[in-house]
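Below is one structure, written out as structure tokens, with a few remarks after it.
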Amino acid sequence: MKKTIWVINGPNINMLGIREPNIYGYRTYKNLIKEIKKHAKEKNVKVKCFQSNYEGELVSIIQKAYFKKIDGIVINPAAYTHYSVAILDALKATNIDTIEVHISDVNNREDFRKISFVRSYVKECITGPNCYIEAIDKLL
Ligand code: DQA
Numbered sequence: 658m659k660k661t662i663w664v665i666n667g668p669n670i671n672m673l674g675i676r677e678p679n680i681y682g683y684r685t686y687k688n689l690i691k692e693i694k695k696h697a698k699e700k701n702v703k704v705k706c707f708q709s710n711y712e713g714e715l716v717s718i719i720q721k722a723y724f725k726k727i728d729g730i731v732i733n734p735a736a737y738t739h740y741s742v743a744i745l746d747a748l749k750a751t752n753i754d755t756i757e758v759h760i761s762d763v764n765n766r767e768d769f770r771k772i773s774f775v776r777s778y779v780k781e782c783i784t785g786p787n788c789y790i791e792a793i794d795k796l797l
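Those letters in the sequence shown? Residues 658 to 797, per the working numbering, in order.
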């Protein structure tokens with residue numbers, strides 16, 4: 658059976674291509690999703706992409722992943738990475754294999770970006786513009 662992976666993006670990821678292109682590049686959110694879907698097709702995996710600017714909505718999406726018996730999660734919690742206990746707790750409740758991703762090199766930016774509340778749960782953290790594709794491959 659085809660595996661299902663959910664790609665979950667946090668606040669401001671919908672602003673890719675507009676927000677700080679010197680850090681996040683000029684690729685739009687729409688094009689990022691296109692790239693992810695193309696890759697998923699090539700790898701014969703079902704991928705569903707989500708984006709929300711609201712912490713509670715992200716928690717609800719993660720909970721839904723549990724009830725839908727999703728095989729893996731790729732999550733970019735964006736700013737919530739650095740302070741959301743709620744997202745960490747939601748991930749822990751699912752027990753689903755999860756990879757944390759960041760487009761920018763969070764370890765070489767401001768000190769507060771080096772802190773990740775989800776890091777204690779995820780299998781791995783991948784950074785860089787190709788992080789989503791690499792994370793999908795790792796989960797497979
Ligand atoms: C980010 C890094 C976060 O620090 C930031 O708040 C984001 C995006 C990244 O993908 O590089 O919104 O998660």
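Quick reminder that beta carbons are idealized off the backbone N, C-alpha and C, glycines included.
For residue i, the residue or residues it bridges with in DSSP
i	result
residue 705	663
Integer-rounded CB distance, given that residue j should sit under 8 Å from residue i
i	j	result
residue 796	residue 700	Residue 796 to residue 700, Cβ: 10 Å. No contact.
residue 748	residue 719	6 Å
residue 763	residue 704	Not really, about 23 Å apart at Cβ, beyond 8 Å.
residue 666	residue 735	7 Å
Residue span of the alpha helix (DSSP H) that contains residue i, given as start and end
i	result
residue 742	742-751
residue 718	712-724
residue 696	686-699
residue 679	678-681
residue 673	Careful: residue 673 lies outside any alpha helix (DSSP H) and carries neither H nor E.
residue 796	788-796
Limits of the beta strand (DSSP E) - the one that residue i falls within
i	result
residue 733	729-733
Closer than 8 Å: residue i CB and nearest the ligand FMN heavy atom
i	result
residue 699	Only the ligand DQA can be found as ligands here, which leaves the ligand FMN out of the picture.
Listed by chain order, which residues have C-beta atoms less than 6 Å from any heavy atom of the ligand DQA?
-> Taking every residue with its beta carbon within less than 6 Å of a heavy atom belonging to the ligand DQA gives, in chain order, 669, 733, 735, 736, 738, 759, 760, 761, 763, 770.
Any chance you could list the beta strand (DSSP E) runs of at least 3 consecutive residues sitting entirely within the stretch 748-785, in chain order?
-> Unbroken beta strand (DSSP E) stretches of 3 residues or longer found wholly inside the stretch 748-785: 754-759, 781-784, given in chain order.
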